[in-house]
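S.K.: According to the working numbering, the stretch in the sequence shown is residues 1 to 331, in order.
Yeah, the Cβ is synthetic: ideal placement off N, Cα and C, and Gly gets one too.
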Amino acid sequence: MRLTVLLWLGPLWSLVLSPWLHASPLDYALTPIAIADNVWLLEGKQEAFSRLNGGNIVNTGFILTPAGVVVIDTGPSVRYGKAMRKVIASLTDKPVVLVLNTHHHPDHVLGNLAFAEEAPIAALPATLQQLEQEGDAVAETLYTLVGDWMRDTQVQLPNQTLGPDSLNTGIEIGGQRLRLLALRGHSGADLAILHEPSGTLFAGDLVFHQRALTTPHTPGLALWQQELGLLARQPFNQLVPGHGPLSQGTAAIEQTQAYLGWLDQLLQQAAQAGLSMTEAMQLPIPAHFNGIALSRYELQRSVAHLYNQYEQQAFAEPSSTSAQASSTTKE
Numbered sequence: 001m002r003l004t005v006l007l008w009l010g011p012l013w014s015l016v017l018s019p020w021l022h023a024s025p026l027d028y029a030l031t032p033i034a035i036a037d038n039v040w041l042l043e044g045k046q047e048a049f050s051r052l053n054g055g056n057i058v059n060t061g062f063i064l065t066p067a068g069v070v071v072i073d074t075g076p077s078v079r080y081g082k083a084m085r086k087v088i089a090s091l092t093d094k095p096v097v098l099v100l101n102t103h104h105h106p107d108h109v110l111g112n113l114a115f116a117e118e119a120p121i122a123a124l125p126a127t128l129q130q131l132e133q134e135g136d137a138v139a140e141t142l143y144t145l146v147g148d149w150m151r152d153t154q155v156q157l158p159n160q161t162l163g164p165d166s167l168n169t170g171i172e173i174g175g176q177r178l179r180l181l182a183l184r185g186h187s188g189a190d191l192a193i194l195h196e197p198s199g200t201l202f203a204g205d206l207v208f209h210q211r212a213l214t215t216p217h218t219p220g221l222a223l224w225q226q227e228l229g230l231l232a233r234q235p236f237n238q239l240v241p242g243h244g245p246l247s248q249g250t251a252a253i254e255q256t257q258a259y260l261g262w263l264d265q266l267l268q269q270a271a272q273a274g275l276s277m278t279e280a281m282q283l284p285i286p287a288h289f290n291g292i293a294l295s296r297y298e299l300q301r302s303v304a305h306l307y308n309q310y311e312q313q314a315f316a317e318p319s320s321t322s323a324q325a326s327s328t329t330k331e
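(1) Does the count of Cβ pairs from the region 192-202 and the region 231-248 closer than 8 angstroms reach three?
(2) Do Tyr80 and Tyr143 have their beta-carbon atoms positioned less than 8 angstroms apart in this structure?
(3) Can you tell me whether Glu172 is helix, strand or coil according to DSSP?
(4) If I measure Cβ to Cβ from Pro106 and keep anything under 7 angstroms in the same chain, skipping five residues before and after, which residues do I get?
(5) By Cβ distance, which residues of its chain are closer than 7 angstroms to Pro241, with the 5 residues on each side in sequence left out?
(6) So, are the CB atoms of Val69 and Leu110 less than 8 angstroms apart?
(7) Could you pull out every residue in the same chain whose Cβ sits closer than 8 angstroms to the Cβ of Pro245, ignoring the five residues on either side in sequence?
(8) Reducing DSSP to helix, strand and coil, say where Ala139 ends up.
(9) Which residue spans inside the region 80-110 form an unbroken alpha helix (DSSP H) run of at least 4?
(10) Let me check one thing: in DSSP terms, what residues is Gln160 bridge-paired to?
(11) Quick check: the Cα distance between Glu279 and Glu298, rounded to an integer number of angstroms?
(12) Short of 6 angstroms in beta carbon distance, which residues of its chain neighbour Ile63, apart from the five on each side in sequence? Order them along the chain.
(13) Count the other CB atoms, across all protein chains shown, that sit within 10 Å of the CB of His217; report buried if there are 16 or more and exposed otherwise.
(14) In the structure shown, what three-state DSSP assignment does Val58 receive?
(15) How many Å lie between Thr65 and Gln269 at the Cα?
(16) Ignoring anything shorter than 4 residues or poking outside the region 205-278, list the alpha helix (DSSP H) runs there in chain order.
(17) Residues in the same chain with beta-carbon distance under 7 angstroms from Ile35, minus the five sequence neighbours each way, listed in chain order, please.
(18) How far does the alpha helix (DSSP H) with Ala189 in it extend, from its first residue to its last?
(19) Report the option in Thr250, Gly220, Leu228 whose CA atom is closest to the CA atom of Gln309.
(20) Going by beta carbon distance, what residues of the same chain come within less than 7 angstroms of Ile193, once the five residues before and after it are set aside?
(21) When DSSP builds the beta bridges, which residues end up paired with Leu64?
(22) Measuring alpha carbon to alpha carbon, tell me which residue in Ala123, Gly261, Ser90 is nearest Thr74.
(23) So what does DSSP say about Thr153, is it helix, strand or coil?
(24) Give me the residue from Ala126, Val146, Gln176, Ala232 with the minimum Cα distance to Asp190.
(25) Please classify Asp205 as buried or exposed, where buried requires at least 16 neighbouring CB atoms within 10 angstroms.
(26) Please report the straight-line C-alpha distance between Leu306 and Ala67, rounded to a whole angstrom.
(27) Quick one: grab the DSSP three-state call for Gly75.
(28) Using the C-alpha atoms, what's the distance from Gly274 back to Leu317?
(29) Since Ala114 is in the beta strand (DSSP E), which residue starts that stretch and which ends it?
(30) Considering Cα atoms alone, identify which of Gln300, Ser50, Ala83, Leu230 is closest to Thr215.
(31) Might you give, ordered along the chain, the residues of its own chain that have their beta carbon closer than 7 angstroms to the beta carbon of Ala293, omitting 5 neighbours on each side?
(32) At which residues does the alpha helix (DSSP H) containing Ala287 begin and terminate?
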C-alpha cells in the first residue's frame with residue numbers, strides 16, 4: 001500500500017525532504033464564482049501540493065436548488081470542507097442535502113468529514129472500495145506534504161453508493177435534474193455530473209484544462225480518450241474540469257484528448273526505442289503543451305506511473321511477431 005502511494009506521488013515525494021522557508025496562514029480564502037444561475041465554482045490553484053497552498057489545487061462546486069444545496073467534491077482537508085460550508089452559508093440559508101464525490105483522489109474527498117453530519121455523501125461503488133483500500137495511506141502522505149492544513153482531517157467514507165437506477169435515470173433534487181455518468185478513464189471510477197437546467201458539466205478529473213493531467217490510477221490512456229468522446233456528446237454548454245479554469249463548449253475536452261494522445265505516443269515510442277525511464281522523463285514537450293501548467297512535472301510523474309507497462313508491451317511485441325512468423329511458415 002505504501003509503495004502504491006509513493007508511486008502516486010511520483011517526483012512530488014522529493015518535496016517532503018525540502019525545508020519550508022515561508023509560513024502560510026491556514027486560511028483557504030475560498031472565493032465563490034457564479035458560473036450560472038445558482039451554480040458556483042471554487043477554483044483551485046494550478047500548482048502541485050505544498051504547504052503554501054494547503055492542497056487547494058482542485059475545483060469544487062455547489063448547486064443551489066429549492067430543496068437545498070448539492071455539493072460536488074469537498075476538497076483536500078476538513079479545514080477546506082469547513083471553509084466551503086462557510087461560503088455556502090454566506091450565499092444561502094438552505095441546508096446541504098447531498099454531497100457527490102467524483103472519485104477517490106484525496107484533494108477531492110478529504111473534506112467529506114465537514115459535511116458528514118449534515119448530508120448524505122454519495123459516490124460510485126468502486127470509489128467507496130478505493131477509499132476503503134487506499135484512503136488512510138494517502139491521507140497520511142498528504143499530511144506530510146501540506147502539514148497543519150490537514151489537522152483533524154480523517155477519511156470520511158461515502159455513506160451512499162450510486163446504483164443503476166440513479167445512473168440510468170439521473171437524480172432530481174428540488175425539481176432540478178442531475179444526469180450522472182459512471183466512467184473509468186482517470187481513476188478507475190469517475191463520476192461526471194451534468195446539471196441539466198444550466199447545461200453545466202462537472203467532469204471531475206476526467207478533464208484537465210490549461211493544467212497537465214495526472215495518471216496514477218488510470219486503467220489506460222486509450223480508454224480515457226474514448227470516454228472523453230462520450231463526454232463531448234453530452235448536451236452541456238460549459239464544463240468544470242477537475243483542475244484548471246472553466247471551459248466553454250468542448251475546448252477542455254479536446255485539449256485533454258490531444259494531451260492523452262501525445263502522451264500515449266511518446267511512451268510507446270520511448271519504450272520501443274529502449275529509452276530508460278530517466279531518459280523518457282526528459283523528452284521534449286511540444287510547444288502547445290509546454291505552456292500548460294506543470295507540464296514537465298506531470299510528464300515525469302506519468303512516466304513513473306506508466307512506463308513499466310509500455311516497456312512490457314514493447315518487449316512482448318518481438319516475440320509475438322516471431323510467433324506469428326513461425327505459424328505462417330508452418331502453414
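M.R.: Put simply:
(1) Two segments are said to touch when three or more pairs of C-beta atoms, one from each, lie closer than 8 angstroms; by this definition the region 192-202 touches the region 231-248.
(2) Judged by beta-carbon spacing, Tyr80 lies beyond the 8 angstroms limit of Tyr143, meaning their Cβ atoms are not closer than that value.
(3) Look at Glu172 here: in three-state DSSP terms it is strand.
(4) For Pro106, the CB contacts under 7 angstroms within the same chain, skipping 5 residues up- and downstream, are Pro76, Val138, Ala139, Leu142 in chain order.
(5) Only Asn59, Ala203, Val207, Phe208, His209, Ser247, Ala252 meet the Cβ criterion.
(6) Judged by beta-carbon spacing, Leu110 lies beyond the 8 angstroms limit of Val69, meaning their Cβ atoms are not closer than that value.
(7) Glu43, His209, Gln210.
(8) Residue state, collapsed to three classes: helix.
(9) If we require 4 residues or more, the alpha helix (DSSP H) runs fully inside the region 80-110 come out as 106-109.
(10) Listed as beta-bridge partners of Gln160 by DSSP are Ala122.
(11) Rounded to whole angstroms, the gap between the alpha carbons of Glu279 and Glu298 is 15 angstroms.
(12) Here the set comprises Val39, Val70, His195.
(13) Counting Cβ neighbours within 10 Å, His217 comes out buried, since at least 16 surround it.
(14) Three-state DSSP puts Val58 in coil, outside helix and strand.
(15) Their backbone Cα atoms lie some 50 angstroms apart in a straight line.
(16) As far as the region 205-278 is concerned, its whole alpha helix (DSSP H) runs of at least 4 residues are 221-232, 251-272.
(17) Closer than 7 angstroms at the Cβ level, and outside the excluded window around Ile35, lie Leu41, Thr200, Gln238, Leu246.
(18) Where Ala189 is concerned, there is no enclosing alpha helix (DSSP H), because DSSP gives it neither an H nor an E.
(19) For the residues Thr250, Gly220, Leu228, the minimum Cα distance to Gln309 belongs to Gly220.
(20) Ile72, Leu100, Leu178, Leu180, Phe202, listed in sequence order.
(21) Looking at the DSSP output, Leu64 bridges to Val69.
(22) With distances taken between Cα atoms, Thr74 lies closest to Ala123.
(23) Of the three classes helix, strand and coil, the one that applies to Thr153 here is coil, per DSSP.
(24) Among Ala126, Val146, Gln176, Ala232, the Cα nearest to that of Asp190 is on Ala126.
(25) A buried status is given to Asp205, since no fewer than 16 other beta-carbon atoms sit within 10 Å of its beta-carbon.
(26) Their Cα atoms are separated by approximately 44 angstroms.
(27) Gly75: strand per DSSP, three-state reduction.
(28) According to the sequence as given, residue 317 is Glu; it is not Leu. Cα to Cα, the separation comes out at about 13 angstroms.
(29) Annotation for Ala114: no beta strand (DSSP E) segment contains it, and DSSP assigns it neither H nor E.
(30) Comparing Cα positions, the closest option is Gln300.
(31) So the qualifying residues of the chain are Gln46, Gln210, Arg211, Ala212.
(32) 287-290 is the extent of the alpha helix (DSSP H) around Ala287.
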